[in-house]
Each structure stands twice: as structure tokens, then as C-alpha cells.
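These notes are about the structure you will find just below.
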Amino acid sequence: GSLSQPPSQYDVLIVGAGFSGVCALHHIRERFPSWRVKVLEASPGVGGTWYTNQYPGARVDTESLTYQFSWDKELLEEWYWKETFSTQPDVLRYIERVCEKHNLYKDIQLNTRIKSARWLENCHNWVLADANGSEYRTKFFVSCLGFLSQPVLPLIPGIANFKGQSFHTSAWPKQLDTKKDFAGKRIGIIGTGATGIQTITALAKGAELKSLTVFQRTANWSAPLRNTTISPEQMKQHVKEYEHLFGQCAKTSSGFLYQADPRKSSEVTHEERLALWEKLYNGQGFGKWLGVFKDTYTDREANRLYSDFMAEKIRARVNDPEIADSLIPKDHGFGMRRVPLESGYFEVYNQSNVDLVDLRKTTIETVDASGIRTTDGKRHDLDVLIFATGFNAITGSFSAIDIHGKNDRPLLGYSDIETGKNAIWVDHKPRTFLGIMAPDLPNTFMVLGPHQPFGNGTRSLENAVDVVITMLQHIFDHGYTAVEPKADAVQAWGEHVVDSSKGLLGNEVDSWMTGVNTNVKGKQERTVARYVGNVVEYRKRCADCNASGWKELSFAKYV
Ligand code: NA7
């Protein structure tokens with residue numbers, strides 16, 4: 002019915018109501034009160050990642066105190082975080098509260114999955130269409146799609162034949178009560194990334210499973226989260242320290258509370274190394290990833306020493322030496338991939354009902370109606386099969402929307418297809434300016450898009466939203482109707498992104514962070530998909546561009 006109606010007209014359309022979309026909506030509304038602004042969100046609720054990922058054990062690995070918005074002083078004073086690292090329901094409750102408090106829901110349209118976006122050069126507008134065919138016209142398009150929001154199933158033969166219950170972790174059935182419904186069941190899970198590790202631990206500890214079989218392709222260096230509860234008295238104290246905490250995050254290279262130790266591993270004695278490592282290992286959160294000696298992720302020998310220390314920790318926690326060996330990564334050193342934080346993960350392999358299938362020793366031959374057959378001839382009969390197989394990350398979020406920019410140029414395409422070669426990002430290789438804009442995509446602004454720093458997500462997205470606002474303000478002040486990055490600015494930013502990643506050992510490892518996904522077309526080769534330079538410098542660069550009047554952008558006026 003809506004097809005025949007004229008499209009609604011907006012000044013700004015934001016796609017996605019996760020932390021990014023909510024922050025963008027609030028700030029754009031404050032700055033431009035007369036503008037027609039709307040958020041379109043595919044899910045039935047706000048929260049993005051924190052709405053979607055409702056698997057057991059889902060929890061934030063960043064201290065909640067530094068993961069929340071910094072701009073609502075009142076809410077900062079009111080909000081009580083029960084734990085240092087909050088559960089998914091608690092994070093979701095927080096973002097819902099933000100929306101209520103600021104009356105944001107009135108401008109958020111839920112259950113609206115955008116399927117296409119087309120730039121109209123003749124009127125300097127975007128036209129977006131949702132899954133029902135309704136169209137929305139807007140001057141500016143702000144993408145807040147999230148960088149881990151397109152779930153991916155593994156390319157394993159036969160997965161459609163499985164007759165038991167099966168689902169991706171991000172599509173965890175809402176009505177499922179794992180304690181009750183999984184009791185006595187044989188559960189299989191594929192994937193041991195941050196999600197797999199949280200899910201495996203929660204399931205093994207939280208339900209009387211008949212068996213839990215973990216199919217692990219690449220072992221990950223996981224290390225203790227060491228979560229604690231926060232008493233109301235402690236919370237009162239934290240509230241007084243907010244300025245200091247946010248100030249500290251603003252000074253570190255990735256927006257967390259932690260900064261590398263200024264010494265090199267080779268400059269200190271073995272005892273001094275051990276002292277720091279033990280302190281970090283026994284401390285909370287990402288300190289053990291980020292607070293290490295400064296050469297840990299650039300010097301192979303320094304990394305080997307730290308990895309050996311971590312390997313010993315794993316060995317000490319797992320009874321069976323063979324299983325321990327499988328759980329210790331051999332193909333990459335500690336911290337070269339995103340370090341999943343765990344709470345008793347390694348110990349679950351000491352339970353008699355938990356099995357590890359090391360896919361480096363045997364691979365999955367096929368999935369059939371009743372389970373998995375591996376190439377060593379074994380059958381693994383299962384009632385439930387869970388895919389903790391991750392996401393088509395970063396650029397992948399854009400692949401669910403058919404986006405066409407200037408001259409009808411597609412945003413994404415593939416080099417093995419003639420028409421795909423003309424795409425703006427061929428084979429998921431991003432080209433951007435500051436990670437905020439892309440060439441031939443006028444009036445489009447990305448929050449947490451490719452080539453942007455991620456780190457502590459909320460700290461990064463607040464900055465990205467600020468940058469978008471400064472660009473919009475500039476456009477508004479001059480009466481422009483179209484803006485896009487200049488070709489040389491895109492080129493220079495691309496080079497800077499690559500340069501700042503040089504020398505990092507993490508570049509030599511496949512993961513979503515290096516743009517690789519074995520299950521996704523065009524993602525077989527490594528690429529620098531995110532900005533891994535220092536966030537402090539990134540922010541300064543953005544501020545400098547603004548101060549000098551955005552010379553990197555070209556502007557037009559519709560006549
Ligand atoms: P990740 O970190 O991408 O992990 C996906 C896991 O699934 C990883 O262990 C993969 O092994 C495994 N996988 C993927 N495909 C297959 C196939 N075909 N066979 C076997 N195993 C497979 O996703 P997460 O959801 O855990 O975490 C994403 C981010 O969310 C995380 O970093 C946090 O920032 C939050 P592989 O390593 O590719 O060998």
C-alpha cells in the first residue's frame with residue numbers, strides 16, 4: 002500500500018539504533034532542532050549489538066564506567082552499574098533508558114530494514130527503501146550500522162540438513178531457557194572467538210548438559226576478565242571519578258583505561274617482566290592486552306616471551322595436557338587478534354561433559370540430520386548445533402543494503418564480476434576519508450565505519466558523531482547541499498591508514514580485524530580495514546580539518 006504514497010522527506014536519516022545511532026540522533030537533534038531527523042532500525046528494539054546478541058554469557062569486555070555515554074551528566078550520576086563488566090541485559094537496559102530519558106523513541110522507527118539507498122544527483126537527496134517497499138527521502142544519510150552486525154554461517158557442507166535445533170549466536174531464540182531446555186541435551190558449538198568463549202563458558206557452567214562439543218578451528222589467546230560486583234557505596238565513589246576516568250580514556254591510544262608500559266621487554270630483567278605480567282594477569286579487563294611492554298606487538302621476540310607466559314597460565318588451568326595444547330594458539334602470538342576475556346573458560350574443559358574437537362587435527366567433513374562427521378571417522382551426534390562463527394565485519398554491514406552513489410556507482414562489488422569492478426569498495430577493500438566519508442557517496446557519513454578507530458567503541462563513536470556534526474555545521478553555515486571527499490584526500494587517508502598499521506604483528510594474522518572471513522566472498526585476503534593508529538592523533542587530525550574549514554571536502558549548491 003505504501004508504494005503509491007510519496008516518500009517521506011527528511012533532513013537526516015540515520016540507519017541503525019545501536020549506541021552510534023542513538024548518540025547521533027541525540028546530538029543532531031540538539032544541534033539542529035528544526036531538522037527532520039529519523040532513525041530507521043531493523044530490529045524490534047533499540048540497542049544494536051546489545052539488542053541482537055542475547056546469547057548466554059554475553060557481556061561487555063570494557064569497563065561499563067567507560068563504555069557509557071559521557072555527555073549526559075545527570076544520567077552518569079543516576080546510573081548504577083551493578084558489575085564492572087556488565088551483562089548484555091544490563092547494557093541494553095542502559096541504552097533503553099537513554100532513549101526514554103531523552104525522548105528519542107519518537108524519532109526512532111523500529112522494525113524497518115533498509116534494503117537499498119540511492120543517491121539522486123538531480124536533487125541532492127538520498128532515497129532509501131525498506132523491506133516493505135516504503136521509501137524515505139533525505140538530504141543526509143548517516144550510517145550507524147555497527148561493525149559486527151552481519152552474522153555469517155560457516156561454509157560447511159550439509160548444515161541445512163541438520164534436523165535438531167540450530168542457530169547463530171546472534172539469533173539466539175528469545176524464548177529459550179537454556180538451563181531447562183538444554184538439560185540432558187547434546188550441544189555442539191562451532192567457533193571460539195569472543196562470542197564462542199562467552200557462550201561455551203555460560204552453557205557449560207549454567208546447564209546440566211549431557212555433552213558440550215566445541216569445534217575449534219583457531220585457538221584464541223583468551224585471558225581472565227576478573228569481573229567484580231560494584232556496591233552502591235563504590236558506585237557513589239565512581240561517580241565522583243567520572244571526569245578523571247573519561248579524561249584517562251581520552252589520553253590512551255585506543256580509548257580504554259590502559260596504556261602500554263613505556264619500557265621495552267628487552268630493557269628489563271626477567272623478574273621485572275614477570276612482575277608486570279603477573280600484575281596484569283591478575284588485574285581486570287583489557288590491561289593484560291594493552292598494558293604490556295610497548296614492544297609486545299611489534300617485536301617478535303617480545304611477543305614470544307609474553308605468549309609463553311600466557312601459555313603456561315593455560316597449561317596450569319587445564320588438566321589434560323593434550324587439550325591444553327590444543328587450546329594454546331600456535332599460529333599467532335598473544336594479542337595479535339582481539340583478546341576474548343573469559344571467566345573460567347579453560348576450566349570447563351576439565352568437566353567430563355565437555356569435549357574439544359581440534360579442527361587443526363581433524364576437519365568437519367559434513368553436517369547431517371543428526372550431527373557432525375569429522376575426517377578422523379568420528380561421529381558427533383547432537384541435539385543442538387550453535388554457530389558462534391562471527392560476522393561479515395566492518396564493510397560487511399554495508400553489504401545488506403544495495404547502496405548506489407554518484408553515477409549509480411555501487412558501494413560494494415567484486416573484481417571477478419565485470420560490473421563489480423566499478424564499485425567504490427571492490428572486494429571489501431575500503432576507501433574513505435577519515436573513515437567518515439567515502440568517495441562518490443555524497444552526503445553520507447559513517448559512524449564506526451571502515452578506516453575508523455574502534456578501540457573502546459563508545460569513546461570512538463562519540464568522537465565520530467562529533468566529527469559528523471562539525472561537517473554538517475559547516476555545510477549548513479555555507480548553504481551547501483552536497484558534500485563529498487576530494488579524491489586526493491581519500492588517497493592520502495588510505496595511505497595514512499596503511500602507514501599507521503605498519504610494523505604491527507597483528508597485520509600478519511587472519512581475523513575480522515584484518516578483513517579476513519573464510520566464509521565471505523571477497524574476504525580471503527588481508528586488508529587494513531580499520532584505523533589502528535593512535536586515537537589521540539586521529540581526533541587531533543579531525544579537529545585540525547575542522548579548524549581549517551574542511552579543505553579535504555568538496556561542496557556543491559543545488560540550483
Ligand atoms: P569471531 O571472532 O570472528 O569468531 C568466529 C569463530 O568462528 C572463530 O573461532 C572462527 O575460526 C570460527 N569459524 C568461522 N567459520 C568457521 C568454519 N567454517 N569452521 C570452523 N570454525 C569457523 O566472531 P565472534 O562473534 O566470536 O566475535 C566477534 C567480535 O564481537 C569480537 O571480536 C568482539 O569484539 C565482539 P577462525 O578463527 O576463523 O579459524
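Numbered by full-length UniProt numbering, the letters in the sequence shown go through residues 2 to 560 in order. Where is the CB? At the ideal position from N, CA and C, for every residue including glycine. Bear in mind that the values here come from a model prediction, so they are computed numbers and not experimental data.
Taking DSSP's pairing of strands, which residues face residue i in a bridge?
i: residue 438; result: 434
i: residue 445; result: 142
i: residue 119; result: 128, 405
i: residue 91; result: DSSP lists no partner for residue 91.
i: residue 426; result: 413
i: residue 355; result: 213
i: residue 167; result: 386
i: residue 16; result: 41, 144
i: residue 9; result: 137
i: residue 225; result: 343
i: residue 109; result: 40
Closer than 8 Å: is that where the CB of residue i sits relative to any heavy atom of the ligand NA7?
i: residue 520; result: yes
i: residue 411; result: no
i: residue 19; result: no
i: residue 454; result: no
i: residue 195; result: yes
i: residue 339; result: yes
i: residue 198; result: yes
i: residue 1; result: The displayed coordinates of the chain run from 2 to 560. Any statement about residue 1 would go beyond what the structure contains.
i: residue 65; result: no
i: residue 494; result: no
i: residue 395; result: no
i: residue 218; result: yes
i: residue 528; result: no
i: residue 363; result: no
i: residue 513; result: yes
i: residue 359; result: no
i: residue 389; result: yes
i: residue 386; result: no
i: residue 457; result: no
i: residue 174; result: no
i: residue 192; result: yes
i: residue 62; result: yes
i: residue 149; result: yes
i: residue 139; result: no
i: residue 221; result: yes
i: residue 57; result: no
i: residue 449; result: no
i: residue 170; result: yes
Look at residue i and residue j and say whether their C-beta atoms are less than 9 Å apart.
i: residue 142; j: residue 408; result: no
i: residue 213; j: residue 188; result: yes
i: residue 383; j: residue 357; result: no
i: residue 259; j: residue 290; result: yes
i: residue 343; j: residue 226; result: yes
i: residue 110; j: residue 42; result: yes
i: residue 126; j: residue 138; result: yes
i: residue 388; j: residue 549; result: no
i: residue 144; j: residue 472; result: no
For the candidate residues the options, whose alpha-carbon lies nearest to that of residue i?
i: residue 1; options: 553, 163, 379, 204; result: Examination of residue 1 is not possible in this model, given that the chain is present from 2 through 560 alone.
i: residue 88; options: 56, 367, 19; result: 56
i: residue 392; options: 101, 58, 85, 197; result: 197
i: residue 183; options: 206, 171, 518; result: 206
i: residue 324; options: 348, 131, 303; result: 348
i: residue 433; options: 58, 496, 255; result: 496
i: residue 475; options: 234, 547, 40, 379; result: 547
i: residue 509; options: 451, 398, 337, 483; result: 337
i: residue 215; options: 471, 544, 385, 482; result: 385
i: residue 403; options: 411, 277, 18; result: 411
i: residue 157; options: 390, 439, 488; result: 390
i: residue 255; options: 478, 454, 106; result: 454
i: residue 350; options: 368, 318, 394, 483; result: 318
i: residue 333; options: 346, 321, 306, 320; result: 306
i: residue 378; options: 388, 371, 367, 462; result: 367
Can you tell me the Cβ-Cβ gap for residue i and residue j, rounded? I've got them flagged as a contact below 8 Å.
i: residue 47; j: residue 115; result: At roughly 16 Å, the Cβ-Cβ gap does not stay under 8 Å, so residue 47 and residue 115 are not in contact.
i: residue 335; j: residue 304; result: 7 Å
i: residue 299; j: residue 504; result: 5 Å
i: residue 517; j: residue 531; result: Residue 517 to residue 531, Cβ: 13 Å. No contact.
i: residue 19; j: residue 50; result: 6 Å
i: residue 85; j: residue 250; result: Going by Cβ atoms, the distance from residue 85 to residue 250 rounds to 15 Å, so no, they are not a contact pair.
i: residue 72; j: residue 236; result: 20 Å between Cβ atoms; not a contact.
i: residue 435; j: residue 468; result: 7 Å
i: residue 439; j: residue 311; result: With 8 Å as the limit, residue 439 and residue 311 do not qualify as a contact, their Cβ atoms being about 39 Å apart.
Between residue i and chain B, is any beta-carbon pair separated by less than 9 Å?
i: residue 290; result: The chain inventory of the structure shown lacks chain B, comprising one protein chain alone.
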